[in-house]
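Order-wise, the sequence lines are chains S and L. Heads up, the first sequence is in my numbering, so the first residue is 8 and it goes up one at a time. Heads up, the second sequence is in my numbering, so the first residue is 11 and it goes up one at a time. Notes follow once the structure below has been shown.
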Amino acid sequence: MDFTIPLLILAIPLGMFLLLGLAGMKMSHKTAGVLGTLGMGTVLVLSYFTAFQYYFSGNPEFISEAGQRLQSIIFNVDWLAFTPNLVIRLGFLLDPISAMMLIVIPTISFMVHLYSLGYMKGEKGFQRYYAFLSLFSFSMLGLVVATNIFQMYIFWELVGASSYLLIGFFYTLPSAVSASKKAFIVTRFADLGFLVGILILSFYTQTFDFITLTSDPGSVLASTAGATFMGCSVLTLAMVLIFMGGMGKSAMMPLHIWLPDAMEGPTPVSALIHAATMVVAGVYLVARMFPVYLQVPSSLEFVLVIGAITALYAAVVACCQIDIKRVLAFSTISQIAFMMVSLGVARPEIHECLGYMASMFHLFTHAMFKALLFLGAGALIHAVHSNNYTAMGGLRKYMPITHITFLIGCLAIAGIPPFAGFFSKDEILVAVYGYSTFWGIWMSCVAGLTAFYMFRIYYLIFWWNEPDYHHRPHDGEMVMSLPLIILAAVSTVAGFIHFGEFVTWQGHEYQIHMDYVVAGISVAIALVGIFFARFLYLKENDRPRRMADSCRWLWTAANRRFYWDEIYMFITHKIIFNGICRPIAWFDRAVIDGSMNGLAIVTNKASVAIKNLQSGRVQQYVLLYLIGALLLAVITAWCVL
Amino acid sequence: MDYSQFFAMKQEIGLLVVFLLVFLYDTFMPKRALGATGWVAVGLMAIQTLFGFCPSVSQSADAFAGMYETNAITACIKNILNIGTVIVMIQAIRWSKQDMVVIRRGEFYELILLTLFGMYLMISARHFLLFIIGLETASLPVAAMVAFDKHRYESHEAAVKYILTAVFSSVILMMGLSFVYGLTGSLYFSKIAGAIFAEGTISLMLIVAVAFVIGGVGFKLSLVPFHLWTADVYQGAPTPVTSYLSVISKGAGAFAFLVILWQVFGAVYSDAWEWMLYALIILTITIGNLFAMRQKNMKRFLAFSSISQAGYIMLGIIAFRGMGVAALMYYVLVYIFSNLAAFGVIGAIENATGRVSMDDYQGLRKTNPKLAFTMMLAMFSLAGIPPFAGFFSKFFIFTSAISQGSVAIYVLVLIALINTIISLYYYLLVVKAMFISEETPVIPEFKSACSERFAMWICVAGIIGLGIVSCVYNGLLDMVSTAC
Chain S
8 MDFTIPLLIL AIPLGMFLLL GLAGMKMSHK TAGVLGTLGM GTVLVLSYFT AFQYYFSGNP
68 EFISEAGQRL QSIIFNVDWL AFTPNLVIRL GFLLDPISAM MLIVIPTISF MVHLYSLGYM
128 KGEKGFQRYY AFLSLFSFSM LGLVVATNIF QMYIFWELVG ASSYLLIGFF YTLPSAVSAS
188 KKAFIVTRFA DLGFLVGILI LSFYTQTFDF ITLTSDPGSV LASTAGATFM GCSVLTLAMV
248 LIFMGGMGKS AMMPLHIWLP DAMEGPTPVS ALIHAATMVV AGVYLVARMF PVYLQVPSSL
308 EFVLVIGAIT ALYAAVVACC QIDIKRVLAF STISQIAFMM VSLGVARPEI HECLGYMASM
368 FHLFTHAMFK ALLFLGAGAL IHAVHSNNYT AMGGLRKYMP ITHITFLIGC LAIAGIPPFA
428 GFFSKDEILV AVYGYSTFWG IWMSCVAGLT AFYMFRIYYL IFWWNEPDYH HRPHDGEMVM
488 SLPLIILAAV STVAGFIHFG EFVTWQGHEY QIHMDYVVAG ISVAIALVGI FFARFLYLKE
548 NDRPRRMADS CRWLWTAANR RFYWDEIYMF ITHKIIFNGI CRPIAWFDRA VIDGSMNGLA
608 IVTNKASVAI KNLQSGRVQQ YVLLYLIGAL LLAVITAWCV L
Chain L
11 MDYSQFFAMK QEIGLLVVFL LVFLYDTFMP KRALGATGWV AVGLMAIQTL FGFCPSVSQS
71 ADAFAGMYET NAITACIKNI LNIGTVIVMI QAIRWSKQDM VVIRRGEFYE LILLTLFGMY
131 LMISARHFLL FIIGLETASL PVAAMVAFDK HRYESHEAAV KYILTAVFSS VILMMGLSFV
191 YGLTGSLYFS KIAGAIFAEG TISLMLIVAV AFVIGGVGFK LSLVPFHLWT ADVYQGAPTP
251 VTSYLSVISK GAGAFAFLVI LWQVFGAVYS DAWEWMLYAL IILTITIGNL FAMRQKNMKR
311 FLAFSSISQA GYIMLGIIAF RGMGVAALMY YVLVYIFSNL AAFGVIGAIE NATGRVSMDD
371 YQGLRKTNPK LAFTMMLAMF SLAGIPPFAG FFSKFFIFTS AISQGSVAIY VLVLIALINT
431 IISLYYYLLV VKAMFISEET PVIPEFKSAC SERFAMWICV AGIIGLGIVS CVYNGLLDMV
491 STAC
């Protein structure tokens with residue numbers, strides 16, 4: 008395939024970022040917004056074209072004669088050569104999952120660009136906002152098409168930086184600033200693990216390339232055999248460390264604490280970055296490295312356990328939040344954990360790695376319906392000027408479009424057929440039951456909780472009791488409603504895509520077949536959750552309060568997110584600051600500063616002492632010249648002879 | 011005699027043609043056309059630079075019974091010097107239009123071209139006779155250039171100091187060479203090397219000879235303790251001459267040094283001059299830094315900074331084969347852009363306001379943000395702050411030295427690293443004065459000349475571009491490893 012179009016896919020958002028970032032202040036809001044949106048629209052068309060070429064052209068570059076989808080490098084530029092083997096390259100890799108991401112990212116990004124034209128209208132720094140959106144789109148696209156793990160890391164950091172900039176967009180709000188710092192610090196901490204993991208892996212395998220690593224992992228990894236560090240095999244350590252990077256970006260326990268706070272950013276940003284694209288980077292990373300993970304089953308076991316615990320935890324917390332964006336944030340954490348679990352149970356012997364396919368399928372559908380839910384929440388917040396459901400109620404009458412689309416999103420995430428979430432979640436559950444019944448039941452419970460908490464906020468927002476509105480709430484303008492409608496339509500039909508034909512483990516086609524037992528159980532559980540929510544929240548009553556009172560400690564704990572933030576505060580402030588930082592600070596002041604000051608004083612003294620050498624008298628210069636040359640000769644002669 | 015061998019000297023002939031054309035233009039053109047002399051010289055020199063990149067220029071050849079040699083490496087070195095010379099010539103245009111200088115401006119460009127011709131010979135010489143001719147051609151006209159501001163007393167003083175020290179250094183060098191001739195009976199590099207190798211043992215005479223040759227060439231590089239002239243001359247000379255001395259003359263000296271030490275005395279590396287070199291590097295970097303800290307005059311400040319930079323350049327000599335040569339060439343190239351950017355700013359400010367003291371630079375950001383920004387880039391690059399080119403050049407030159415892998419070199423590189431920290435202090439002093447100082451700016455807002463801005467743009471592009479485009483270093487490395 009020609010490299011122009013793939014190159015343009017990366018170049019247009021970058022160019023747009025530079026243009027809007029440098030010249031944006033001279034443009035009107037409207038020009039900047041329309042320019043950014045048009046740029047993204049072009050990227051959307053080009054990416055669709057590229058993905059279409061990949062999946063449907065039948066080009067031998069992309070599909071073998073046996074029907075196996077291949078990994079194909081469109082271009083790869085040497086950037087820095089450490090050693091002849093270890094070269095950092097920048098390139099463009101097309102394979103089933105990156106082509107899928109080429110559909111997801113531009114779609115959501117374009118919707119958000121469009122939606123923001125209405126949502127962010129009149130905000131200070133509107134041009135800056137669009138510049139950052141372009142930067143984010145560029146980084147995210149660069150991440151998914153990375154040909155090697157180092158390129159991925161570079162873009163990984165860029166994505167983190169643009170997320171930081173966008174969370175702190177309202178930089179006059181102290182809460183937004185502290186949230187952006189928190190996100191940055193937590194994910195940076197996780198990325199440290201990622202980087203160390205990359206370095207260990209590349210040190211042993213002498214390569215950064217994904218294709219070399221994944222095409223025949225057995226022989227590439229042979230060099231790590233027997234290498235251990237502190238009683239743990241080096242390879243396991245490396246893979247767990249790399250997964251740690253994914254845990255940070257994808258907000259897995261215990262590194263999840265930044266994501267709820269990240270909701271301080273503008274709502275469309277939450278839809279794009281903190282729901283649909285960036286937060287699934289961790290899942291994408293594990294999927295990208297999956298053949299290597301398969302070599303180390305214990306690390307997949309780790310992925311599974313972390314994912315399962317996170318899924319349950321986040322679902323419980325989501326049931327007790329007041330801020331609707333936080334409910335959605337915890338639901339995102341829980342859904343990403345679903346994908347992680349699915350990868351954790353994927354084994355070639357269980358339905359030909361069904362878990363891998365299911366995870367990617369859920370990533371795809373989740374991106375659509377979660378972006379829909381967030382944009383819907385944005386419309387609600389726009390209408391009532393509050394994030395809390397206590398300020399909402401009975402809105403179905405005032406905001407019909409938002410109501411219907413939000414309902415579709417809720418049905419999709421709850422897993423009700425025929426909406427998209429049903430199909431992808433069902434595949435995940437089949438994969439999990441195939442691996443172990445225990446985790447299967449566990450995840451089914453989480454699925455039930457999902458239905459409950461989503462419909463809890465649905466009823467509280469659109470039914471329940473109507474508060475006194477200062478002015479009549481209404482649907483957003485056309486640019487805001489249009490993305491909602493499109494995404495709702497996609498969320499309705501996306502489940503019918505034969506995903507197994509496009510994205511599977513090793514590119515072989517896989518025929519999806521319904522497991523009616525699992526499907527039946529999960530729909531039944533979802534319906535129980537929905538009806539329970541309807542029972543509690545349809546009309547104003549005191550059942551929810553009585554229920555909360557009956558197990559007050561649990562409700563409070565869940566409402567306070569099981570005190571994770573407090574635990575972090577305790578660890579950082581009390582233990583790390585007092586136990587480690589204070590002594591280090593003392594050492595720094597007394598010893599390091601002391602010796603540095605000493606060095607400075609000595610340097611200064613020396614400088615004063617020799618200043619007379621430079622007297623300005625040329626006779627002395629010449630004399631010193633001669634003495635210097637003679638001394639060189641004499642000292643050397645004395646040493647050598 | 012076979013005159014066709016002159017055609018081996020393609021770059022030299024090209025430079026002579028440029029020189030003659032400038033000379034003819036300056037002598038015979040009507041007076042009103044003389045305003046363009048500077049640009050004519052720049053244009054011709056730019057053509058000569060481009061000519062240097064022709065593939066046929068980099069073919070290996072020798073002439074005059076092996077006294078002269080050219081190959082891909084020497085051609086590339088000359089190209090680097092050409093690039094620097096073009097920038098210096100552009101910077102000089104504004105200065106050469108001053109009242110006291112304007113009638114002699116043609117001479118200035120002719121002298122620059124002549125000295126460059128001498129440097130070409132220094133680099134390509136494979137016989138000490140030709141080397142001395144090149145060295146003197148490169149040194150003596152510089153005295154005239156230093157004294158170019160006849161109306162300024164400092165300019166005279168600097169020229170006198172320069173010529174006395176230059177002559178003295180030549181004496182030392184000749185003394186050393188006469189010892190070498192006495193020991194080996196030849197002045198051909200290859201024959202001397204063969205005789206030294208055949209001798210096998212090392213004599214006192216040889217050590218004295220090596221020390222004197224190092225002392226003689228060390229003058230060009232202003233290595234400590236052969237550096238004392240540098241500060242006075244840099245301060246007194248007109249700014250374009252100072253920038254020429256600090257980069258081009260120094261770069262040519264470094265390459266000549268590399269060739270002589272390894273090609274002539276390579277056999278007695280560990281016996282005779284390894285430790286001399288270590289001592290000179292440590293002294294040069296440290297003393298350059300210690301003096302730079304105390305300077306208030308920007309030109310004097312950069313004089314000492316350039317002394318310590320020469321010490322870093324010498325690190326590339328230790329790792330001669332492959333990596334070291336490429337690292338050294340890359341370092342000189344980056345150093346040319348960084349130092350010329352700094353001198354460009356100094357020259358622009360001096361031409362507009364006559365101020366050269368660091369105190370005058372307080373708050374420059376407020377009145378002339380672009381100049382302040384250029385200066386900041388130059389300081390960052392000289393200090394070796396990533397991602398600017400200076401960081402990579404330091405990184406490569408340290409790596410090349412470390413790759414030699416002896417404990418002594420680890421200690422040497424450690425000392426050099428400590429010195430980069432010290433140098434950070436004084437480079438940032440300038441940045442602090444320009445950007446952080448709250449005092450009222452001394453230098454009023456002014457518009458620098460088009461030529462000055464053009465030269466600064468080239469330098470800024472070099473500082474940023476060379477840091478990003480890693481293929482420059484890789485290209486040098488490939489070229490050097492094929493040529494060796």
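For every residue, glycine included, the Cβ atom is placed at its ideal position computed from N, Cα and C. Just so it is clear, the structure is predicted and the values come from calculations on it, not from any experiment.
- Straight across, the Cα-Cα distance linking L:P250 with L:Q101 is about 7 Å.
- For L:P235, the nearest CB of chain S lies under 7 Å from its own CB, placing it at the interface with that chain.
- For L:E79, the enclosing beta strand (DSSP E) stretches over residues Y78 to T80.
- Under DSSP, S:S79 takes part in a beta bridge, and its partners are S:L101.
- In this structure, S:G200 lies near S:G252, with their beta-carbon atoms less than 7 Å apart.
- For the 7 Å CB-CB criterion, S:A540 and S:F462 form a contact.
- Boundaries of the alpha helix (DSSP H) harbouring S:D556: R550 to S557, taken from the DSSP string.
- Close to chain L, meaning a Cβ-Cβ distance shorter than 9 Å, are the following residues of the region 590-610 of chain S: L606, A607 and T610.
- Apart from the 5 residues on each side of it in sequence, S:V203 sits with its Cβ closer than 7 Å to the Cβ of L248 in its chain, given in chain order.
- Within chain L, the residues placing a beta-carbon under 7 Å from that of S:Y628 are T175, L238 and W239, ordered along the chain.
- Residue range D109 to V112 is occupied by the alpha helix (DSSP H) that includes L:D109, with no beta strand (DSSP E) assigned at that position.
- Taking S:L150 as reference, the option from S:L140, S:I156, S:F139 and S:F162 with the minimal CA-CA separation is S:F162.
- Considering only beta carbons, the part of the region 630-645 of chain S lying closer than 9 Å to chain L consists of L631, Y632, L633, I634, G635, A636, L637, L638, L639, A640, V641, I642, T643 and A644, in chain order.
- When DSSP assignments are scanned along the region 279-352 of chain L, the uninterrupted stretches of alpha helix (DSSP H) that are 4 or more residues long and fall wholly within it turn out to be 284-302 and 308-328.
- Residues are counted here when their Cβ sits less than 7 Å from a Cβ of chain S; for the region 430-462 of chain L these are I432, given in chain order.
- Listed along chain L, the residues sitting closer than 9 Å to S:K618 by beta-carbon distance are L300, F301 and R304.
- In the DSSP secondary-structure assignment, L:D72 is bridged to L:E79.
- It is roughly 10 Å from the alpha-carbon of S:V453 to the alpha-carbon of S:A344.
- CA-CA distance, S:F309 to S:V166, rounds to 25 Å.
- Excluding residues up to 5 positions away in sequence, Y340, Y341 and V344 lie with their Cβ nearer than 6 Å to the Cβ of L:S403 in the same chain.
- Boundaries for S:H477: no alpha helix (DSSP H) harbours it, and the DSSP string shows neither H nor E there.
- Proximity of chain L to S:S614 at the Cβ level (cut-off 8 Å) is accounted for by L300, F301, M303 and R304, in chain order.
- When S:F469, S:Y476 and S:M487 are compared, the shortest CA-CA separation from S:K128 is found for S:M487.
- CA-to-CA, the gap between S:I537 and S:Y396 works out to about 18 Å.
- Per DSSP, S:Q627 is one residue of the alpha helix (DSSP H) stretching across V625 to V647.
- At a cut-off of 7 Å between beta carbons, L:F222 contacts chain S.
- Residue range Y163 to T194 is occupied by the alpha helix (DSSP H) that includes L:E167.
- Cβ contact annotation for L:T211 (same chain, cutoff 6 Å, sequence separation greater than five): none.
- With 16 or more other Cβ atoms inside 10 Å of its own Cβ, L:Q245 counts as buried.
- Here S:P304 is exposed. Its C-beta has fewer than 16 other C-beta atoms within 10 Å.
- Classified as buried, S:A565 has 16 or more neighbouring CB atoms from the shown chains inside 10 Å of its CB.
- Within the same chain, and ignoring the five residues on either side of L:F236 in sequence, the residues whose Cβ sits closer than 8 Å to its Cβ are S179, G225, G228 and F229.
- L:L214 reaches chain S at A644 and L648, counting residues in chain order whose Cβ is nearer than 7 Å.
- Beta-carbon to beta-carbon, S:R195 and S:P267 are separated by about 18 Å, too far to satisfy the 8 Å threshold.
- Burial of L:E462 is indicated by the presence of at least 16 other C-beta atoms within 10 angstroms of its C-beta.
- Out of S:F426, S:H515 and S:I104, the CA that lies nearest to the CA of S:E72 is found in S:H515.
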